[in-house]
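Heads up: the sequence shown is residues 4 to 402, going by this note's numbering.
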Amino acid sequence: MNQTLKNKFKAIEKNPTLTYLDSAASSLKIDDSVQSMVNYYETSGANISRGAYALGIETTQAYEASREVVAKYIGANKKEEIIFTKGTTQSMNMLAYHFEKVLKKGDEILSSELEHNAAILPFQRVAKSTGATLTYVALDKDLRIDSNKALNQITTKTKVIVLTYVSNVMGYITDLKPIIKKAQEVGAIVIVDAAQAAPHITIDVKDLGCDFLAFSGHKCFGPTGVGILYGRYDQLNQLVPSEVGGGMVDEVELYSHTYLELPERLEAGTPPIAEVIGLAPALNYILKIGHDTILNHSKKLQQYLLEALKERSYIKVYNPKSDIGIVTFNIQDVHAHDVQSFLSESNIAVRTGHHCAKLLQKRLKTSATIRVSFQIYNDTNDIDKLLDVLDTAYQFFRT
Ligand code: PLP
4 MNQTLKNKFK AIEKNPTLTY LDSAASSLKI DDSVQSMVNY YETSGANISR
54 GAYALGIETT QAYEASREVV AKYIGANKKE EIIFTKGTTQ SMNMLAYHFE
104 KVLKKGDEIL SSELEHNAAI LPFQRVAKST GATLTYVALD KDLRIDSNKA
154 LNQITTKTKV IVLTYVSNVM GYITDLKPII KKAQEVGAIV IVDAAQAAPH
204 ITIDVKDLGC DFLAFSGHKC FGPTGVGILY GRYDQLNQLV PSEVGGGMVD
254 EVELYSHTYL ELPERLEAGT PPIAEVIGLA PALNYILKIG HDTILNHSKK
304 LQQYLLEALK ERSYIKVYNP KSDIGIVTFN IQDVHAHDVQ SFLSESNIAV
354 RTGHHCAKLL QKRLKTSATI RVSFQIYNDT NDIDKLLDVL DTAYQFFRT
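Now the structure itself:
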């Protein structure tokens, strides 16, 4: 691990033998983020938007300042287009709740087999309960979303399109713009799962033209428990709140109630205040160093690893053409979980299994794979250590 970053990422300092190669699952947390949360708990602890006393007002200001940072991070028009959620999963479920009330038989939902369960399961449920048809976009021979073919699948029946911006297993960046343009022509809503995109590529929602976009703070050096639902104001304003309660209501009568304006309308109850506050320094750090720096660094490490794996005929790589620093592979005839036990003994953290992308795993014709994912704090020493242990594991299981 990059020792010069150990002040920024305390997990490196506190766990010096750690080789962390699982940032696609969750990145290490930047200390500025941790300290801002500690500061909130040590100096405040007040709720937001409720108490009209100084501490409550200051806390609300810090919370809202974070919303500004997120709006800037993804190029939103205004901060009211940003809703704080628990994570990408909750954002997707909030959208599904709405579309369950809107779609009907004969409508079509278009998605892909590359989706994370967080994106596809809520919309499978929407299809089931509304009678809408769920269809999957064509994938090319590398299992990448085939944007050209997808265009032909978008018709006037298509009402909702749910697609991943970056695949969490293959590391492919989806060519979303032509798809979104066609969707706009037929009046379909486009929902983008940007959980893997947010840490690695600059997101510009205005330029993309998507209606909704979701991502999680914990993959962007920020805290767990906080995520984002972005919606273009006119679209977001139509969403039926999936939760009602305090903080989002305007008038309450005996048998009815009215809602506040956005963004409060979609943030019922006490939100994850510390985590929202902790998200801002994490995103600001990425904005400061630039997504290009992160992507170039991850891609260099990816190339280094791919070159080394080429020399190992016992390894099958599933995504040699990955666009970001994700390498998914298996040791021939050895189960990924057995390899993980070996790696874990050497304090090497990788992800093994189906990576919550069960449809894709079926397309890969395997029950489990090993996924290595890079971030700014990784270096070639991490890869050399990984390769040593992979060689040892192979020798062990061969005999
Ligand atoms: N979508 C993608 C592409 C992901 O990689 C993940 C997490 O791994 C999610 C959605 C779900 O994110 P969360 O668990 O933070 O809700």
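We treat Cβ as the ideally placed atom computed from N, Cα and C, and that holds for glycine.
- Which class does GLY59 belong to by DSSP, given the choice of helix, strand or coil? helix
task: Could you pull the start and end residues of the beta strand (DSSP E) that TYR139 belongs to?
output: Counting along the chain, the beta strand (DSSP E) containing TYR139 begins and ends at 136-139.
Give the DSSP bridge partners of ILE192, in chain order. BP columns for ILE192 point to VAL163.
- Message: Under 8 Å, with one C-beta from each stretch per pair, do the region 87-98 and the region 120-136 reach the 3-pair mark?
- Response: Proximity of the region 87-98 to the region 120-136 meets the contact definition, three or more beta-carbon pairs being nearer than 8 Å.
Determine the contact status of ALA186 and ILE206, defining contact as a CB-CB distance below 8 Å.
no
**Message:** Given this structure, state the Cα-to-Cα distance separating THR63 from LYS81, to the nearest angstrom.
**Reply:** 17 Å
Check your understanding: Is the distance from the Cβ of HIS203 to the Cβ of ALA360 below 8 Å?
Key -> no
Would you say the beta carbon of ASN171 comes nearer than 7 Å to a heavy atom of ligand 1? yes
Would VAL41 be called buried (16 or more neighbouring beta carbons within 10 Å of its own) or exposed?
exposed
*Kindly indicate the opening and closing residues of the beta strand (DSSP E) around SER114.*
Where SER114 is concerned, the enclosing beta strand (DSSP E) stretches over 111-114.
_the region 299-311 / the region 275-286 touching (three or more Cβ pairs under 8 Å)_ = no
Does the region 244-260 come within contact of the region 226-234, defined as at least 3 CB pairs closer than 8 Å? Contact fails: fewer than three Cβ-Cβ distances are below 8 Å.
Nearest by alpha-carbon distance to HIS294: which of SER349, ILE327, THR227 is it?
ILE327
Runs of 4 residues minimum, wholly inside the region 307-392: which ones carry the alpha helix (DSSP H) assignment? 339-348, 361-366
| message | Is the separation between the beta-carbon of GLY228 and that of PRO266 shorter than 8 Å? | response | no
Between the region 57-74 and the region 381-398, do three or more beta carbon pairs fall short of 8 Å? no
For MET251 and ALA277, believed in contact at Cβ under 8 Å, the rounded distance: Actually they are not in contact, since the Cβ atoms of ALA277 and MET251 sit about 20 Å apart, beyond 8 Å.
Original post:
What residues in its chain sit with their C-beta under 7 Å from that of TYR317, if we drop five residues either side in the sequence?
Top reply: ILE334, GLN335, TYR397
Practice task
Return yes when at least one heavy atom of ligand 3 lies under 7 Å from the C-beta of ALA277, else no.
Solution key: With respect to ligand 3, the structure offers nothing, as its ligand set consists of ligand 1.
**Report entry** Own chain partners of VAL208 with C-beta closer than 7 Å, once the 5 adjacent residues on each side are dropped
**Finding:** Excluding residues within five positions, the ones whose Cβ falls inside 7 Å are ILE77, GLY78, ALA79, LEU216, TYR233.
**Asked** Would VAL189 pass as a contact of CYS213 if the rule is Cβ separation under 8 Å?
**Response** no
| How would you write the range of the alpha helix (DSSP H) that VAL37 sits in, first residue to last? | 34-46
(Q) Counting C-beta neighbours from all protein chains within 10 Å, is the total for ALA68 16 or more, i.e. buried, or is it exposed? (A) exposed
key: Candidates THR136, LYS319, LEU290, of which the one nearest PRO368 by Cα   = For the sequence presented, residue 368 should be read as Lys rather than Pro. Nearest option by C-alpha distance: LYS319.
With a threshold of 7 Å, establish whether the CB of CYS359 neighbours any heavy atom of ligand 1. For ligand 1, a non-hydrogen atom lies closer than 7 Å to the CB of CYS359.
**Asked** Looking at C-alpha atoms only, which residue of ASN10, THR167, TYR288, GLU254 is the closest neighbour of CYS223?
**Response** Relative to the Cα of CYS223, the nearest Cα in the group ASN10, THR167, TYR288, GLU254 belongs to TYR288.
request  = In angstroms with no decimal places, state the Cα-to-Cα distance between PRO244 and ILE86.
outcome  = 11 Å
Q) In this structure, what does DSSP give as the bridge partners for TYR76? A) The partner list for TYR76 (beta bridge, DSSP) is empty, contrary to what the question assumes.
task: To the nearest angstrom, report how far apart MET4 and ASN384 are at their CA atoms.
output: 7 Å
Rounded straight-line distance, which links the Cα of LEU146 to that of THR7 | 38 Å
Checklist line | Proximity to VAL172 [Cα-Cα], best of ARG315, LYS324, ALA352 | finding: LYS324
- Out of GLN378, HIS338, ARG268, VAL342, which has the shortest C-alpha to C-alpha gap to ILE297? The closest CA to that of ILE297, considering only GLN378, HIS338, ARG268, VAL342, is found on GLN378.
**Asked** Around the Cβ of ASN96, are there at least 16 other Cβ atoms within 10 angstroms (buried) or fewer (exposed)?
**Response** It is buried - the Cβ of ASN96 has at least 16 other Cβ atoms within 10 Å.
Original post:
Is it the case that the Cβ atoms of ILE373 and ALA311 are separated by a distance below 8 Å?
Top reply: no
Checklist entry - If ALA371 and ASP25 are in contact, beta carbons under 8 Å, what's the gap, nearest whole angstrom? => result Not really, about 15 Å apart at Cβ, beyond 8 Å.
- Message: With a threshold of 7 Å (Cβ to nearest heavy atom), would ALA371 be considered close to ligand 1?
- Response: no
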